[in-house]
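Be aware that the sequence shown starts at 60, since it is given in our numbering, and climbs by one per residue.
Note that the Cβ used here is the ideal one computed from N, Cα and C, for glycine as well.
No experiment lies behind these values; they were computed from the predicted model shown.
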Amino acid sequence: MTPTTKFTKGNETKGLFNRFFSLLKPQKRLLVNIFLASILITILGIGGSFYFKFLLDDIVPNNLTTTLHIFSIGIVLLTVFKVLTEAFRTQLLIHLGQKLDIPLMLGYYNHVINLPMNFFGTREVGEIISRFNDASKIRDAISGATLTMMIDTFMVIIGGIILYNQNHTLFALTIIPVILYGIIVFSFKKAIEEVNRETMQSNAKLTSYLVESLNGIETVKAFNAEREVNLETEKRFVKLIKNVFKNGFINNLQGSLKSGVKAIFAIVILWLGGMQVLKGNISMGELLTFNALLAYFLSPIENIINLQPMLQTAVVAGERLGEILDLELEKSVDEDKKINPQSLKGTIEFKGVDFRYGTRQLVLKDINFNIKPGEKIALVGESGSGKTTLVKILMKFYEHEKGELLISGYNIKDINIESLRDKIAYISQETFLFNGTIIENMSLGNPYLTYEEIIEACKKAQIHDFVNSLPLRYNTMIEENGSNFSGGQKQRFSIARAILRKPEILIMDEATSSLDSITEKSIEKTMNEFSEGITTIVIAHRLSTIMRCDTIYVMDKGEIKESGSHKDLLKTGGMYYELWKDQLPEVYYEEVAATKEVGK
Numbered sequence: 060m061t062p063t064t065k066f067t068k069g070n071e072t073k074g075l076f077n078r079f080f081s082l083l084k085p086q087k088r089l090l091v092n093i094f095l096a097s098i099l100i101t102i103l104g105i106g107g108s109f110y111f112k113f114l115l116d117d118i119v120p121n122n123l124t125t126t127l128h129i130f131s132i133g134i135v136l137l138t139v140f141k142v143l144t145e146a147f148r149t150q151l152l153i154h155l156g157q158k159l160d161i162p163l164m165l166g167y168y169n170h171v172i173n174l175p176m177n178f179f180g181t182r183e184v185g186e187i188i189s190r191f192n193d194a195s196k197i198r199d200a201i202s203g204a205t206l207t208m209m210i211d212t213f214m215v216i217i218g219g220i221i222l223y224n225q226n227h228t229l230f231a232l233t234i235i236p237v238i239l240y241g242i243i244v245f246s247f248k249k250a251i252e253e254v255n256r257e258t259m260q261s262n263a264k265l266t267s268y269l270v271e272s273l274n275g276i277e278t279v280k281a282f283n284a285e286r287e288v289n290l291e292t293e294k295r296f297v298k299l300i301k302n303v304f305k306n307g308f309i310n311n312l313q314g315s316l317k318s319g320v321k322a323i324f325a326i327v328i329l330w331l332g333g334m335q336v337l338k339g340n341i342s343m344g345e346l347l348t349f350n351a352l353l354a355y356f357l358s359p360i361e362n363i364i365n366l367q368p369m370l371q372t373a374v375v376a377g378e379r380l381g382e383i384l385d386l387e388l389e390k391s392v393d394e395d396k397k398i399n400p401q402s403l404k405g406t407i408e409f410k411g412v413d414f415r416y417g418t419r420q421l422v423l424k425d426i427n428f429n430i431k432p433g434e435k436i437a438l439v440g441e442s443g444s445g446k447t448t449l450v451k452i453l454m455k456f457y458e459h460e461k462g463e464l465l466i467s468g469y470n471i472k473d474i475n476i477e478s479l480r481d482k483i484a485y486i487s488q489e490t491f492l493f494n495g496t497i498i499e500n501m502s503l504g505n506p507y508l509t510y511e512e513i514i515e516a517c518k519k520a521q522i523h524d525f526v527n528s529l530p531l532r533y534n535t536m537i538e539e540n541g542s543n544f545s546g547g548q549k550q551r552f553s554i555a556r557a558i559l560r561k562p563e564i565l566i567m568d569e570a571t572s573s574l575d576s577i578t579e580k581s582i583e584k585t586m587n588e589f590s591e592g593i594t595t596i597v598i599a600h601r602l603s604t605i606m607r608c609d610t611i612y613v614m615d616k617g618e619i620k621e622s623g624s625h626k627d628l629l630k631t632g633g634m635y636y637e638l639w640k641d642q643l644p645e646v647y648y649e650e651v652a653a654t655k656e657v658g659k
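Next up, the structure:
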């Protein structure tokens, strides 16, 4: 089964009926089989209903014992065949549900992971996950509505014709509960829509908080905040329960009214039918047959009318899912037409680049600087000064608002995203490891790596000896987000990943912040050797790690305040000078003295 992930954009109604119902097109053969099985079940059921007429009107009055046995055995066999056909149809329905789940669930997930980074900055993970439940509601509506319109419409027509031919008067009476069903269902339309929306939103908020609190369990325990977290979860859960109760109450009230109408009119039909039997207009067998056949007329009508609340739920779910599916993907429609450079080893040029998150104030203001091929530069400054944002723009995680960013003479907007990121290795300060083996994590994004290449990279990152000491070595399972490894070990795995990419541009964002000083110096030496000839951008708070960079750029509040080599910046006596003085006072005086000596 191949996942289908193609969705078309549209408004709320079109998004549901055009986008989602189009998923049924590849399942035509399956739908036909379900339809044929349903017709067979209907015919068998209707045929069995005439048992009462023959039994009471023909067999019993004429004392046809042999005929009774033969006819009853035939009805039993008919019933067994009907049950088997129903079981077969149920399996087909389950199969249809699975066929719809693949494009819906995987299509939604595929769309989400291809959205730009700014989407994930404005949405909670739990809220995104909760919409998988919305997809299941849409699945039920798609299969339910399609099969109801196909099967129940057929049953209503056939059942209506048979009932009308059986007795015109009783048939006319059955139209009254149908009208009442419609009035009851449509009178609850607005209430059901509102409570469904509230329930879905409450569920999304609860799921978001559960994910958030479990991800931050270490912080929760460190601050003895279990009680507060539990109270907040309880508050959100109570709100969800209230909405679920309200939903249940409305559906129960609607169901009770429909059941009442159904029960009352079942008695009324038998009452009036009994009067016709007493008058000699119809026989007892005909009355019981009419009553049995009534289910093949009223039940499908009830199913068709009940589509309305189901579709209402699906419309709300489709609206929520559509909010995500209608968002523009990170890769544009003409992404394949963009430039795929063989190399990006040329100069990187920032020309008057501005950037802001959403509608907030500018995070980067008029950024102007060049990075020469093979040059190693550093970005320093206080937290929030825009260092990490700047390199994320270079990786096309975000698009700059103003100015130009050129790499090897190409405008970054014209470069294919995959081609760009293939040539960049990014070592983040927050290393994420997936649940899987070490070898699987090292092969992330490059499944064709050899075992020997992975070992060599891990040796350079000084993590090989540790891995070799593990019982399963490189087949050791990594727990969720690498919880069975220390921060330093995870960072070394991240460095090994970067080495394996063989990049043309290397970005190190606090890459050695979790390492001890001895390991840091050793890794720094390895990275210096590895990055020889590679354009390298280092983001660091520990200034001792960037002394040998060709150029250091000091950032403050989204602007580049000063730039130069380590020694030049110390001479200037500006922001870098103050940062160095505050961070390394014991080295500061030696550096300044040495600088003055050189100046003489």
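- residue 302, DSSP secondary structure in three states: helix
- Does DSSP put residue 630 in a helix, a strand or coil? helix
- Query: For residue 318, is the classification buried or exposed, using 16 other Cβ atoms within 10 angstroms of its Cβ as the cut-off for buried?
  - Reply: exposed
- What are the residues that DSSP puts in a beta bridge with residue 457? Beta-bridge pairing links residue 457 to no other residue.
- Query: How far does the beta strand (DSSP E) with residue 217 in it reach, from first residue to last?
  - Reply: Careful: residue 217 lies outside any beta strand (DSSP E), inside the alpha helix (DSSP H) at 212–225.
- Enumerated in chain order, which unbroken segments of the beta strand (DSSP E) with a length of 3 residues or greater are wholly contained in the stretch 365–416? 407–414
- Message: Just to check my reading of the structure: residue 537 and residue 493 have Cβ atoms closer than 8 Å, yes? What is that Cβ distance to the nearest angstrom?
- Response: 7 Å
- Simplified DSSP state of residue 568, which is helix, strand or coil: strand
- Message: For residue 230 and residue 294, what's the separation of their Cα atoms in angstroms?
- Response: 53 Å
- Which of helix, strand or coil does DSSP assign to residue 495? strand
- Return the CA-CA distance between residue 176 and residue 357, expressed in angstroms with no decimal places. 52 Å
- Message: Are there any heavy atoms of the ligand SAH lying less than 7 Å away from the beta-carbon of residue 125, as far as the coordinates show?
- Response: Among the components modelled here there is no ligand, and therefore nothing to report on the ligand SAH.
- Task: Leaving out five residues on either side along the sequence, give the residues of the same chain with a beta carbon under 8 Å from the beta carbon of residue 404.
- Result: 432, 433, 467, 563 and 594
- Item | Straight-line Cα distance separating residue 124 from residue 114 | Inter-residue distance for residue 114 and residue 124 is about 11 Å (C-alpha atoms, whole angstroms).
- Kindly indicate the opening and closing residues of the alpha helix (DSSP H) around residue 259. 248–274
- Item | For residue 325, three-class secondary structure by DSSP | helix
- Segment contact, 8 Å Cβ cut-off, at least three pairs: the stretch 379–399 with the stretch 170–186: Under the Cβ criterion (8 Å, minimum of three pairs), the stretch 379–399 counts as touching the stretch 170–186.
- Query: Would residue 375 pass as a contact of residue 256 if the rule is Cβ separation under 8 Å?
  - Reply: yes
- Item | Residue(s) in a DSSP beta bridge with residue 437 | 597 and 611
- Message: Could you give the first and the last residue of the continuous alpha helix (DSSP H) run that contains residue 18?
- Response: For residue 18 there is no data in the structure shown, the boundaries of the chain being 60 and 659.
- Item | residue 507 burial status per 10 Å Cβ neighbour count (16 or more: buried) | Its Cβ having fewer than 16 others within 10 Å, residue 507 is exposed.
- Helix, strand or coil: which one does DSSP assign to residue 522? coil
- Decide if the stretch 129–137 is in contact with the stretch 86–99; the criterion is three or more beta carbon pairs, one per stretch, under 8 Å apart. no
- Exposed or buried, residue 196, counting other C-beta atoms within 10 Å across all chains shown (16 or more means buried)? buried
- Message: Since residue 597 and residue 373 should fall inside the 8 Å C-beta cutoff, what is the C-beta to C-beta distance between them, to a whole number of angstroms?
- Response: About 52 Å separates the two Cβ atoms, so there is no contact after all.
- Grouping DSSP H, G and I as helix and E and B as strand, with all else coil, what is residue 284? It is coil, neither helix nor strand.
- Query: Going by alpha carbons, who is nearest to residue 227 out of 119, 478 and 331?
  - Reply: 331
- Task: Rank 491, 352 and 441 by C-alpha distance to the C-alpha of residue 613 and give the top, closest one.
- Result: 441
- Message: Tell me the rounded alpha-carbon separation between residue 341 and residue 146.
- Response: 36 Å
- Task: Since I believe residue 416 is in contact with residue 180 (beta carbons under 8 Å), could you give me their beta-carbon distance rounded to a whole number of angstroms?
- Result: 7 Å
- Could you give the DSSP three-state label for residue 239: helix, strand or coil? helix
- Contact set for residue 212: own chain, Cβ-Cβ below 8 Å, skip 5 residues either direction: 359 and 363
- Item | Whole-angstrom C-beta distance between residue 185 and residue 266, which should lie under 8 Å | With a beta-carbon spacing of about 4 Å, residue 266 and residue 185 fall inside the 8 Å limit used to define contacts.
- Item | DSSP three-state assignment for residue 209, whether helix, strand or coil | helix
- Task: Could you check the C-alpha separation between residue 587 and residue 561 for me, to the nearest Å?
- Result: 14 Å
- Message: Rounding to the nearest angstrom, what Cα-Cα distance links residue 313 and residue 457 in this structure?
- Response: 50 Å
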